[in-house]
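Position 69, counted from 1, in the sequence shown is what full-length UniProt numbering calls 69; the numbers after and before it change by one each time, with no gaps. Where a beta carbon is used, it is the ideal one built from N, C-alpha and C, also for glycine. Predicted model, so just to flag it, every value in this text is computed and none were measured.
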Amino acid sequence: MNQSMKIKFLLADDDRDDQEILIEAILEEEPDTKINTVFNGQQVLDYLAERSPDNWPSLIILDYKMPVMNATEVLEKIQDIKVLKVVWSTSSQPEHMQICRQLGAAEYFIKPNNRPELKAMVQELFRLCNR
């Protein structure tokens, strides 16, 4: 069995279009990936609280700017849990990248503008999960 078949993602992004684009690219790369979606940071915390750790996702993808609770606020609250976390954002500000990494994000991606960049990002997500 391919190791990535067991991969579960939790995608937190308030933009449905961005969610759909990323989900399509993930499933194109690895069709058996399970993807759950939420729309703000508080829903990430609720999602984790409602499940036992063995049912947590392999990877949490956080949009930097979300209503209710943004990525840095979520990372502060979950930095001690043993789940891989990445941030994706339209912001390329170095201080955003730095604070997210300090709070436990394994990677900070700039939201891709084209298919090749999106594919490369998705491949990196799977590489991170398969370490």
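Does residue i get closer than 8 Å to chain C when you measure Cβ to Cβ?
{"i": "residue 115", "result": "Protein chains in the displayed structure number just one, and chain C is not present."}
Skipping 5 residues on each side, what residues in its chain have a beta carbon closer than 7 Å to that of residue i?
{"i": "residue 72", "result": "99, 100, 103"}
Could you give the residue range of the alpha helix (DSSP H) that holds residue i?
{"i": "residue 21", "result": "16 to 29"}
{"i": "residue 121", "result": "115 to 129"}
{"i": "residue 93", "result": "Counting along the chain, residue 93 falls outside any alpha helix (DSSP H), and DSSP gives it neither H nor E."}
Is DSSP giving residue i helix, strand or coil here?
{"i": "residue 8", "result": "strand"}
{"i": "residue 39", "result": "coil"}
Go through its chain and collect everything with a Cβ distance to residue i's Cβ below 6 Å, but skip five positions before and after it.
{"i": "residue 33", "result": "7, 26"}
{"i": "residue 107", "result": "86"}
{"i": "residue 66", "result": "14, 40, 41"}
Return the bridge partner residues of residue i from the DSSP annotation.
{"i": "residue 86", "result": "61, 107"}
{"i": "residue 77", "result": "In the DSSP output, where bridge partners are listed per residue, residue 77 has none listed."}
Please list, in chain order, all residues of the same chain as residue i whose beta carbon is under 8 Å from its beta carbon, the five residues on each side excluded.
{"i": "residue 45", "result": "69, 74, 77, 78"}
{"i": "residue 116", "result": "none"}
{"i": "residue 53", "result": "81, 82"}
{"i": "residue 84", "result": "58, 59, 60, 106, 128, 129"}
{"i": "residue 19", "result": "11, 13, 37"}
Discussion item. Pairs of beta-carbons, one from the segment 78 to 91 and one from the segment 53 to 62, closer than 8 Å: are there three or more?
Written reply: yes
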